[in-house]
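Undergrad: Sequence order for the protein chains is A and B. The opening position of the first sequence corresponds to residue 170 in the working numbering, with each subsequent residue numbered one higher. The opening position of the second sequence corresponds to residue 13 in the working numbering, with each subsequent residue numbered one higher. Shown below is the structure under consideration.
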Amino acid sequence: MPPVRIVVWVVEGTWEGCIDAAGRSIPSGAQVALLHVTPSDVTGVAEAASAGLLGRAFPGRRPSRSFQDVADEAASELLGAAAARLGRQDAELLHRRGRVEREVIRAVAENVDLLVVARDGDHSRLGPHSLGPVTRFVVDHAPCAVLLVWPDEPPGIESIPPPPPG
Amino acid sequence: MPSAIAESLAGLLLVATLVCAIIRPWGLPEALVAVPAAGLLLLLGVLPLNEAAAEVRSLAPTIGFLAAVLLLATFSDRFGLFEAAGAWMATGSRGRPVTLLALVFAVASTVTAVLSLDATVVLLTPVVFATVARLRLRPKPHIYACTHLANSASLLLPVSNLTNLLAFSASGLSFARFGATMALPWLAAIAVEWLVLRRFFAADLIGHTEASAVPRRPAPVYACLVLGLTLVGFFLTSVFDVAPAFAALGGAVALGVPLLRSRRATVRDVGVALQVPFLAFVLALGLVVKALSLHGLGSLVTHLVPGGTSLGSLLLIALVAAVLANLINNLPAVLLLLPVVSAAGPGPVLAVLIGVNTGPNLTYVGSLATLLWRRVLRQRGEELPISEFMRLGALTVPPVLIAATVALWISLMVVG
């Protein structure tokens, strides 16, 4: 039987909790890949703003490194830190760019048994809205099993409001 | 030449000028089409020589002012002002994304107001991006804040936006009165942006990291001092009835001389920072728009724009200006609208500025630029997901437009 293949989706802000939860849940023989997606609209928006200056974004004033280079470097550092935290230096590191939700689904479309995802919505109580729109799309559309974890201590059961009367 | 042909020719040349300025084929300077276009209109008599001379006379001081502000921003960057601001935001945020966003708002609004939106887009945004990346926080809210505030927070001072500089001479206001009248609209626009962005990006303002990831940098005290004095100088010029461009020039010299002496900048750098082709472009664009407004479009705009300073009129003026800025770009829009509204006093002129400055957040930078920029990206094999930007624009631009215009109406009653 081929080894279980697991993808952990690493996102800024929630990655530490996500990696810790994954570390507790991943069987030792599993193949692990760490995935990060750089949203292409962020770099695109920053560059388009320069285009709107009608030539005032003169080449001599452009930053020495493109937004894309900075984003790529940050992504590989983040994935490296995630692999170190997980204690799995053999983990495959996947860096993609594009529409985040689409790229995550594409990355787990084939031969993936489990996707580990952190909640990134309101974490002051147990739902509703504990998922941001991008994460909600991923959970909705994932073609594999999904392990949904809290990036920090989950709120207590008392945080659920009482049911409406009647 | 029949007026219809003259108008079509001027219109065609305006589009050609703008298209070349945005896509800059083979990296050629934007003046390459603009200057011959203006020359052609002069040669064919579409633009009479005396009208052209009057336009050049009215634009020249503005272009000098613009040159000084461009130098001021570039020299501040050489002193490490923006790197220091990045380190300060990282430390001040203590690794909390919402605090960081608040600091990005404060810095981007100040930089835009004092050193112009160019400085925010070209010099500050890359620093914010690198800072957020080092803090391992999500970049989206902070980058969108920079691009939005470069437009919305450019209402405060004549130096904040080239459109303001153009309107400043037409408005007849002093520097101090301009700033005093626009303070409330500026704050209103920033407040609305904060409320919407904070909610819109709630899911991306998550997590908590170590702020020590970004090394501390000492603030460039000398550069800050010079900028502070330049700002005081701007206001003092209105007391002594001197052109505020001299304050900007003084600041640029005070920053430039030590840089040149210590060889941290060369004469060539100064030449590049001055952007002579761009200054020529602005002048030529002014002439092309002048030709267009002489032949029909001016009277069309006159019909669209109401006179008077009632709240309704101001809102309508701001709306027309915002629509026009989105259709063509805010620079030609303001050149087209100013002659029409300037007779009605400073209120309508400032309402035009609210429209042309905050409106472009709806379609990036004017729909023409957006279309062209998407084509450029597609040729590079990249995609620019535009839906989120447009959604955010639709949520912010109308309330910003209304809040800032109502604030202007109140301001005009209080400041007069």
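Glycine residues also receive a C-beta, built at the ideal position from the N, C-alpha and C atoms. Bear in mind the structure is a predicted one, so any value in this text is a computation, not a measurement.
Counting only beta-carbon separations shorter than 8 Å, does F306 (chain A) have a partner in chain B?
TA: Here residue 306 (chain A) refers to the residue found at position 137 when the first sequence is read from its first residue. Not an interface residue.
Undergrad: Comparing the C-beta of G249 (chain A) with each C-beta of chain B, is any distance below 8 Å?
TA: Residue numbering aside, residue 249 (chain A) sits at position 80 when the first sequence is read from its first letter. For G249 (chain A), the answer is no, since every Cβ of chain B falls outside 8 Å of its Cβ.
Undergrad: Output yes or no for whether 8 Å exceeds the beta carbon distance between A33 (chain B) and F293 (chain B).
TA: For the purposes of this step, residue 33 (chain B) is taken as the residue at position 21 of the second sequence. For the purposes of this step, residue 293 (chain B) is taken as the residue at position 281 of the second sequence. Yes, the pair counts as a contact, with Cβ atoms nearer than the cut-off.
Undergrad: So that I know if they touch, is there some Cβ in chain A lying closer than 8 Å to that of F252 (chain B)?
TA: For the purposes of this step, residue 252 (chain B) is identified with residue 240 of the second sequence, where counting begins at 1. No - not a single Cβ of chain A is within 8 Å of the one on F252 (chain B).
Undergrad: Would you mind working out which of B:S105, B:G104 and B:N342 sits nearest T375 (chain B), comparing C-alpha positions?
TA: For the purposes of this step, residue 375 (chain B) is identified with residue 363 of the second sequence, where counting begins at 1. Here the closest residue by C-alpha is B:N342.
Undergrad: Could you pull the start and end residues of the beta strand (DSSP E) that R265 (chain A) belongs to?
TA: For this step, residue 265 (chain A) is matched to residue 96 along the first sequence. Segment E261 to G267, the beta strand (DSSP E) holding R265 (chain A).
Undergrad: Does the contact criterion of 3 or more C-beta pairs under 8 Å hold for the stretch 266 to 273 of chain B versus the stretch 141 to 148 of chain B?
TA: No: fewer than three Cβ pairs fall under 8 Å.
Undergrad: Does DSSP put Q237 (chain A) in a helix, in a strand, or in coil?
TA: Position 68 of the first sequence, counted from the first residue, corresponds to residue 237 (chain A). Q237 (chain A) falls in the helix class under three-state DSSP.
Undergrad: Going along the chain, which residues of its own chain have a beta-carbon closer than 6 Å to the beta-carbon of G92 (chain B), five neighbours each way excluded?
TA: For the purposes of this step, residue 92 (chain B) is identified with residue 80 of the second sequence, where counting begins at 1. Taken in chain order, the residues that qualify are P232.
Undergrad: Indicate whether L348 (chain B) and V317 (chain B) have their beta-carbon atoms separated by less than 8 Å.
TA: If you number the second sequence from 1, residue 348 (chain B) lands on position 336. If you number the second sequence from 1, residue 317 (chain B) lands on position 305. No.
Undergrad: Return no unless some Cβ of chain B is closer than 8 Å to the Cβ of D289 (chain A).
TA: Within the first sequence, numbered from 1, the residue matching residue 289 (chain A) stands at position 120. Answer yes: the Cβ-Cβ gap between D289 (chain A) and chain B drops below 8 Å somewhere.
Undergrad: Under 7 Å, CB to CB, which of the residues in the stretch 136 to 162 of chain B have a partner in chain A?
TA: Flagged, chain order: T137, P138, F141, A142, A145, R148, L149, R150, P151, K152, I155, Y156, T159 and A162.
Undergrad: Would you mind sorting H315 (chain B) into buried or exposed? The rule is 16 or more other CB atoms within 10 Å of its CB.
TA: Against the second sequence, residue 315 (chain B) aligns to sequence position 303. Exposed: under 16 other Cβ atoms inside 10 Å.
Undergrad: Interface residues of chain B around G296 (chain A) at Cβ under 7 Å?
TA: If you number the first sequence from 1, residue 296 (chain A) lands on position 127. By Cβ distance, chain B contributes nothing, its closest Cβ being about 14 Å from G296 (chain A), past 7 Å.
Undergrad: Give the secondary structure of W178 (chain A) by DSSP, where H, G and I count as helix, E and B as strand, and everything else as coil.
TA: Counting from 1 along the first sequence, the entry for residue 178 (chain A) is found at position 9. W178 (chain A) falls in the strand class under three-state DSSP.
Undergrad: What residues from chain A crowd round F401 (chain B), counting only those whose CB sits closer than 7 Å?
TA: Locating residue 401 (chain B) in the second sequence gives position 389, where the first residue counts as 1. Those are D210 and V214, listed as they occur along chain A.
Undergrad: Looking at C-alpha atoms only, which residue of B:S88, B:R69, B:R36 and B:L21 is the closest neighbour of G298 (chain B)?
TA: Your numbering for residue 298 (chain B) matches position 286 in the second sequence. Taking only the C-alpha atoms, the option nearest G298 (chain B) is B:R69.
Undergrad: Please list, in chain order, the residues of the stretch 242 to 276 of chain A that have any C-beta partner in chain B closer than 9 Å.
TA: Flagged, chain order: E242, A243, A244, E246, L247, A250, R266, G267 and R268.
Undergrad: Using the beta-carbon of each residue, which ones in chain D are nearer than 9 Å to P360 (chain B)?
TA: Chain labels in this structure do not include chain D; the protein chains are A and B.
Undergrad: Quick check: the Cα distance between P208 (chain A) and L52 (chain B), rounded to an integer number of angstroms?
TA: Sequence index remark: in the first sequence, residue 208 (chain A) carries index 39 (1-based). Sequence index remark: in the second sequence, residue 52 (chain B) carries index 40 (1-based). Their backbone Cα atoms lie some 45 Å apart in a straight line.
Undergrad: On the CB-based measure, 16 or more other CB atoms within 10 Å of its CB, does N369 (chain B) come out buried or exposed?
TA: Here the question's residue 369 (chain B) lines up with position 357 in the second sequence. By the neighbour-count rule (16 or more Cβ atoms within 10 Å), N369 (chain B) is buried.
Undergrad: For L56 (chain B), name the three-state secondary structure that DSSP assigns.
TA: To locate residue 56 (chain B), count along the second sequence from 1; it is residue 44. Coil.
Undergrad: What runs of the alpha helix (DSSP H), each 4 residues or longer, lie entirely inside the stretch 166 to 197 of chain B?
TA: You should have 174 to 183.
Undergrad: P208 (chain A) bridges to which residues according to DSSP?
TA: One-based indexing of the first sequence puts residue 208 (chain A) at position 39. P208 (chain A) is bridged to A:G267.
Undergrad: Please state the DSSP three-state secondary structure of R203 (chain A).
TA: The residue given as residue 203 (chain A) occupies position 34 in the first sequence. According to the sequence displayed, residue 203 (chain A) carries Leu and not Arg. Strand, per DSSP.
Undergrad: Using a C-beta cutoff of 8 Å, does P230 (chain B) count as contacting chain A?
TA: In the second sequence, residue 230 (chain B) corresponds to position 218, counting from 1. False, the Cβ-Cβ gap to chain A never drops below 8 Å.
Undergrad: Let's test the definition: count the other Cβ atoms within 10 Å of the Cβ of R275 (chain A) and tell me whether it reaches 16, buried, or not, exposed.
TA: Here the question's residue 275 (chain A) lines up with position 106 in the first sequence. Exposed, because fewer than 16 other Cβ atoms sit within 10 Å of the Cβ of R275 (chain A).
Undergrad: If you count every other CB in all the chains shown that lies within 10 Å of the CB of G98 (chain B), and 16 or more means buried, which is it?
TA: If you number the second sequence from 1, residue 98 (chain B) lands on position 86. Label assigned to G98 (chain B): buried.
Undergrad: Put L317 (chain A) into one of helix, strand or coil per three-state DSSP.
TA: Within the first sequence, the letter at position 148 stands for residue 317 (chain A). DSSP places L317 (chain A) in strand when its eight states are reduced to three.
Undergrad: How would you call A252 (chain B), buried or exposed, if buried means at least 16 neighbouring beta carbons within 10 angstroms?
TA: Here the question's residue 252 (chain B) lines up with position 240 in the second sequence. It should be pointed out that residue 252 (chain B) corresponds to Phe in this sequence rather than to Ala. Flag for F252 (chain B) reads exposed.
Undergrad: For A287 (chain A), which beta-bridge partners are listed by DSSP?
TA: Against the first sequence, residue 287 (chain A) aligns to sequence position 118. For A287 (chain A), which the question treats as bridged, DSSP gives the partners A:V318.
Undergrad: Which two residues bound the contiguous alpha helix (DSSP H) that contains D130 (chain B)?
TA: Indexing the second sequence from 1 puts residue 130 (chain B) at position 118. Counting along the chain, the alpha helix (DSSP H) containing D130 (chain B) begins and ends at P109 to D130.
Undergrad: Return the first residue and the last residue of the alpha helix (DSSP H) that G298 (chain B) is part of.
TA: Walking along the second sequence from the start, residue 298 (chain B) turns up at place 286. Run containing G298 (chain B): V288 to L304, per the alpha helix (DSSP H) assignment.
Undergrad: Determine the closest residue to C236 (chain B) out of B:P170, B:H220, B:L304 and B:V126, with distance taken between C-alpha atoms.
TA: Translated into the one-based positions of the second sequence, residue 236 (chain B) becomes position 224. Answer by Cα proximity: B:V126.
Undergrad: Whole angstroms are fine: how far does the CA of R305 (chain A) sit from the CA of P151 (chain B)?
TA: Here residue 151 (chain B) is taken as the residue at index 139 of the second sequence, counted from 1. Here residue 305 (chain A) is taken as the residue at index 136 of the first sequence, counted from 1. P151 (chain B) and R305 (chain A): Cα-Cα distance of roughly 19 Å.
Undergrad: Just curious, the alpha helix (DSSP H) that P154 (chain B) is in, first and last residue?
TA: Within the second sequence, the letter at position 142 stands for residue 154 (chain B). Checking the sequence shown, residue 154 (chain B) turns out to be His, not Pro. First-last of the alpha helix (DSSP H) with H154 (chain B): K152 to S164.
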